[in-house]
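All remarks here apply to the structure that follows.
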Amino acid sequence: MADTVYLNGAFMPLEDARIPVLDRGFIFGDGVYEVVPAYSRTPFRMAEHLRRLQHSLDGIRIANPMSDAEWSKLAAELIAKNDGEDQSIYLQVTRGVAKRDHAFPKDMKQTVFMMSSPLTTPSQAQIDHGASAITASDFRWLKCDVKSVSLLGNCLLRQMAADAGAVETILFRDGKLTEASASNVFVVKNGVLLAPPKNNLVLPGITYDVVLEIAHAREFEVEVREVSEAETRDADEIWVTSSTKEVLAVTTLDGKPVGDGAPGMLFRRMHALYQDFKRDVMRKPA
19 MADTVYLNGA FMPLEDARIP VLDRGFIFGD GVYEVVPAYS RTPFRMAEHL
69 RRLQHSLDGI RIANPMSDAE WSKLAAELIA KNDGEDQSIY LQVTRGVAKR
119 DHAFPKDMKQ TVFMMSSPLT TPSQAQIDHG ASAITASDFR WLKCDVKSVS
169 LLGNCLLRQM AADAGAVETI LFRDGKLTEA SASNVFVVKN GVLLAPPKNN
219 LVLPGITYDV VLEIAHAREF EVEVREVSEA ETRDADEIWV TSSTKEVLAV
269 TTLDGKPVGD GAPGMLFRRM HALYQDFKRD VMRKPA
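As structure tokens, then:
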């Protein structure tokens, strides 16, 4: 089956999808997006993803072109039209097409795009042995809680990791841990799970929320607070989390081992609990 996408009211083959060059998403990066994992053809935490989409749209003053029910129906149709039990659903809303001008044009029609890709999660080798990461100064804009398509800063930071053969670039701003180029970050020290708080410098991760829900339910010792760069570098464990990475241990940071250089006991427990949580959610009727 050819890849099928949705664009502005119609499903079509990917190769037939076109947008005008004056779309503000192309000219200015004026739009937002979401990535929703679907397991066994069922979107995971769709309501939470749509709540974050609304937050992002509100953050850049674009009206939501659909209701939650319409988004959910559209995602289900797209999943059905594409191969694969596990899929990654990407949806994007831009302000639309208009003459180039920095100020927002009036009475615009949003551009709505949605596509499916195979959902690729960490390999068993990565789960068993962990992954490497590097660090950098967080030089991105000050509205990181908005999931904007303007991702050049994130791309540059992610490329730094790729150049180093690492999976992520972990970021610090003013001596504090924020997140990674495309992940949230958790730190474990002396058996305590440390999580940077949600604010304008951190994307409110859906997986981040799931990890904290599990941690509280299973009585992990948790502190949601600012985490210093020094604490991060001296951590017993570091995890990165996202819809595609799920929960992944970082065992090497800037070429140095994290803890004893292997995925830690708390990570192994959380990874197993996360997989159980995911399976339980998928078993529940819609």
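For the sequence shown, the residue numbers in the working numbering are 19 to 304.
All residues carry an ideal CB built from backbone N, CA and C; glycine is no exception.
Since we're looking at a predicted model, the values are computed, not measured.
Let me check one thing: in DSSP terms, what residues is residue i bridge-paired to?
i: Pro55; result: Ser106
i: Asn202; result: Thr259
i: Asp41; result: Val115
i: Val242; result: Ala213
i: Thr270; result: Ser150, Pro275
i: Glu264; result: Ser260
Relative to the C-alpha of residue i, which residue among the options is closest?
i: Ser90; options: Phe285, Gly77, Val54; result: Val54
i: Phe295; options: Phe62, Val268, Asn218; result: Phe62
i: Gly171; options: Pro83, Arg113, Thr60, Phe157; result: Phe157
i: Met30; options: Arg113, Asn100, Val39; result: Asn100
i: Leu32; options: Met84, Arg118, Ser135; result: Ser135
i: Asp192; options: Ala213, Phe204, Ala154, Met178; result: Ala154
i: Met64; options: Asp34, Ala93, Leu75, Val50; result: Ala93
i: Ala290; options: Asp146, Val50, Lys161, Pro275; result: Asp146
i: Lys124; options: Ala81, Leu137, Ser141; result: Ala81
i: Leu137; options: Arg59, Ser106, Glu249; result: Ser106
i: Pro275; options: Met283, Arg251, Thr259, Val265; result: Arg251
i: Glu249; options: Asn208, Ala184, Asn217, Phe46; result: Asn208
i: Gly273; options: Leu25, Ala56, Ala182, Glu88; result: Ala182
i: Phe46; options: Leu169, Ala35, Ala280; result: Leu169
i: Ala143; options: Leu75, Glu52, Thr269, Asp163; result: Thr269
i: Phe204; options: Tyr51, Thr22, Gly27, Met288; result: Met288
Locate the alpha helix (DSSP H) running through residue i, then write down its first and last residues.
i: Trp89; result: 86 to 99
i: Met64; result: 64 to 77
Helix, strand or coil for residue i? Go by DSSP, reduced to three states.
i: Pro222; result: coil
i: Lys296; result: helix
i: Ile152; result: strand
i: Phe46; result: coil
i: Val185; result: coil
i: Arg191; result: strand
i: Val228; result: helix
i: His289; result: helix
Over the uninterrupted beta strand (DSSP E) stretch that includes residue i, give me the two end residues.
i: Met178; result: From DSSP, Met178 is part of no beta strand (DSSP E) but of the alpha helix (DSSP H) over 170 to 181.
i: Glu237; result: Looking at the DSSP string, Glu237 is not in any beta strand (DSSP E), and its letter there is neither H nor E.
i: Ala28; result: 28 to 31
i: Ala248; result: Looking at the DSSP string, Ala248 is not in any beta strand (DSSP E); the run it does join, the alpha helix (DSSP H), is 247 to 251.
i: Ile80; result: Premise fails: Ile80 is in no beta strand (DSSP E) and is neither H nor E.
i: Val23; result: 22 to 25
My parser needs the alpha helix (DSSP H) runs of 4 or more residues fully inside the region 124 to 152; what are they?
142 to 147
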